[in-house]
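Visitor: Got a structure for you, written out below as structure tokens; questions coming shortly.
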Amino acid sequence: MPLMDHLRELRGRLTKALIGLALGAVVGYVFYQQVWDFLTAPYCSLPESSAFDSEGCSLIVTGPFDAFFVAMKVWIFVGALVSAPVWLYQLWAFVAPALHSREKKYVYIFVPLAAVLFVGGAALAYRITSLALTVLFGFLPEDADPMLTVDQYLDYMIIMMVMFGLGFVMPLLVALLNLAGILPHAALAKWRRAIIFGSFAVSAVITPAEPISMIALAVPLVILFEAAELFAFLNDRRKRRDDPFAALGDDEISELDDAPSDLDDPDVEEKSSKRR
């Protein structure tokens, strides 16, 4: 297919995906209050949330446009979730013609599993929010009260849920790279300690400066990476069983067959000398 045709198809796919996102944002607009109540429930369960309002939560705004931008973020966030089948299908329809039948089979398995892992990571981030905020508020002096803005809290929730979700999907990508023959188990075993250390380091960077969120993200990441390594080990062993030379690199030479050649047969040498 010519380049211009690819660009036209890409433009069409992006247009359909954006239309789906816009329609999903309408759903976010309709159910905005319910979504906002769901997102703020972890904070509202804390006693610090009622420091300025004994009957409700105390989230403030500091600018005239804060309320609108917060609402727009919620609409887009809900729209991305609701329209996920639409833009995922558009992505699949654009990439699928370049995939082989075996690669398509892997995609049919891994895409639903990736969705489950992402939702699991986002749910974990939501569940530990109140505990993480309790730890953070514990550093406040006795005469200080927390005053969170709606924008700060929403950014915190969205970042945490997205980062936890993506973190849970990363080990699945490792297994997919192993299936594709790009990342063998030997490389994973060699870098196991670095991967474990990196899981804790990345968790410390993308989570707030408190141990609860870091441990809540790092420990499942290590467990999932170990599961991915076990999968890579079993997959590579299966490949070696089916093909003894599967583990050899492109620049390695396989061992020659030890079977004797005809030149070593004495009868062949005797017949050859008689002909001469």
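Numbered by my numbering, the letters in the sequence shown go through residues 573 to 848 in order.
Built from N, CA and C at the ideal position, the CB exists for glycine as well.
1) Find the nearest neighbour of V688 within the set V741, I632, L590, judged by alpha-carbon distance.
2) Tell me whether the region 800 to 809 and the region 752 to 766 touch, counting them as touching only if at least three CB pairs, one residue from each stretch, are closer than 8 Å.
3) Can you tell which of A652, Y615, A799 has the C-alpha that lies nearest to the C-alpha of V599?
4) Go through its chain and collect everything with a Cβ distance to D830's Cβ below 6 Å, but skip five positions before and after it.
5) Is the separation between the beta-carbon of G693 and that of G737 shorter than 9 Å?
6) Check the C-beta distance from L789 over to T779 and give it rounded, since I have them as a contact under 8 Å.
7) Following the continuous alpha helix (DSSP H) through F772, name the residue where it begins and the one where it ends.
8) How is the alpha helix (DSSP H) around L618 delimited, first residue to last?
9) For I632 and L593, what's the separation of their Cα atoms in angstroms?
10) Name the two residues that bound the continuous alpha helix (DSSP H) containing P792.
11) Where T587 and D814 are concerned, what is the direct C-alpha to C-alpha distance, given to the nearest angstrom?
12) Hey, out of S673, D638, T701, whose CA is closest to L611's CA?
13) Assign L685 to one of three DSSP states: helix, strand, or coil.
14) If you measure from the beta carbon of R813 to each beta carbon in chain B, is any gap under 9 Å?
15) Assuming A752 is part of the alpha helix (DSSP H), what are its boundary residues?
16) Apply the 10 Å Cβ neighbour rule to Q662 and answer buried if 16 or more other Cβ atoms are within range, or exposed otherwise.
17) Using DSSP's beta-bridge definition, name the partner residues of L726.
18) Taking the alpha carbon of A695 as the point to measure from, which residue in L705, V734, P718 has its own alpha carbon closest?
19) Please list the segments of the alpha helix (DSSP H) lying wholly inside the region 650 to 680, counting only runs of 4 or more residues, in order along the chain.
20) Can you give me the C-alpha to C-alpha distance between L705 and V607, rounded to a whole angstrom?
21) When you compare the CB positions of A643 and Y604, do they come within less than 9 Å of one another, or not?
22) Apart from the five residues on each side of it in sequence, which residues of its chain come closer than 7 Å, Cβ to Cβ, to T634?
23) From the DSSP output, in three-state form, read off I632 for me.
24) Please state if the CB of M719 and the CB of S630 are separated by a distance shorter than 9 Å.
Guide: The short version:
1) Position 116 of the sequence shown, counted from the first residue, corresponds to residue 688. V688 has its Cα closest to that of V741, out of V741, I632, L590.
2) Yes, they touch.
3) Numbered from 1 along the sequence shown, position 27 holds the residue referred to as residue 599. V599 has its Cα closest to that of A652, out of A652, Y615, A799.
4) As a first step, residue 830 must be located in the sequence shown, where it is residue number 258. Low confidence applies here, because D830 scores a pLDDT of 49, under 50, leaving its location unreliable and the question unanswered by this model.
5) By 1-based counting over the sequence shown, the position of residue 693 is 121. By 1-based counting over the sequence shown, the position of residue 737 is 165. Yes. Within cutoff.
6) As a working mapping, residue 789 is identified with position 217 in the sequence shown. As a working mapping, residue 779 is identified with position 207 in the sequence shown. With a Cβ gap of about 6 Å, L789 and T779 count as contacting.
7) Numbered from its first residue, the sequence shown carries residue 772 at position 200. Segment 764 to 778, the alpha helix (DSSP H) holding F772.
8) Taking the first residue of the sequence shown as position 1, residue 618 is located at position 46. DSSP places L618 in no alpha helix (DSSP H); its state is neither H nor E.
9) Counting from one through the sequence shown, the residue named residue 632 turns up at place 60. Counting from one through the sequence shown, the residue named residue 593 turns up at place 21. Put simply, the backbone Cα of I632 is about 29 Å away from that of L593.
10) For the purposes of this step, residue 792 is taken as the residue at position 220 of the sequence shown. Per DSSP, the unbroken alpha helix (DSSP H) holding P792 starts and ends at 783 to 814.
11) The residue given as residue 587 occupies position 15 in the sequence shown. The residue given as residue 814 occupies position 242 in the sequence shown. One Cα belongs to T587, the other to D814, and the distance between them is close to 45 Å.
12) Position 39 of the sequence shown, counting from 1, holds the residue named residue 611. Looking at the Cα atoms, T701 is the closest of the given residues.
13) Taking the first residue of the sequence shown as 1, we reach residue 685 at position 113. Reduced to three states, the DSSP call for L685 is helix.
14) No chain B appears in the structure shown, which is made up of a single protein chain.
15) Reading the sequence shown from its first residue, position 180 is the one you call residue 752. Bounds of any alpha helix (DSSP H) do not take in A752, whose DSSP letter is neither H nor E.
16) On the sequence shown, position 90 is the one that residue 662 refers to. Q662 comes out buried.
17) Counted from its first residue, the sequence shown places residue 726 at position 154. For L726, DSSP records no beta bridge to any residue.
18) Indexing the sequence shown from 1 puts residue 695 at position 123. Among L705, V734, P718, the Cα nearest to that of A695 belongs to V734.
19) Listed in chain order, the complete alpha helix (DSSP H) runs (minimum 4 residues) inside the region 650 to 680 are 656 to 667.
20) Residue mapping note: residue 705 aligns to position 133 of the sequence shown, counting from 1. Residue mapping note: residue 607 aligns to position 35 of the sequence shown, counting from 1. Cα to Cα, L705 sits roughly 20 Å from V607.
21) Locating residue 643 in the sequence shown gives position 71, where the first residue counts as 1. Locating residue 604 in the sequence shown gives position 32, where the first residue counts as 1. Yes, the Cβ-Cβ distance between A643 and Y604 is below 9 Å.
22) By one-based count along the sequence shown, residue 634 stands at place 62. These residues qualify, in order along the chain: T721.
23) Working through the sequence shown from its first residue, we reach residue 632 at position 60. If DSSP states are grouped into helix, strand and coil, I632 belongs with the strands.
24) Here residue 630 refers to the residue found at position 58 of the sequence shown. Here residue 719 refers to the residue found at position 147 of the sequence shown. Closer than 9 Å, so yes.
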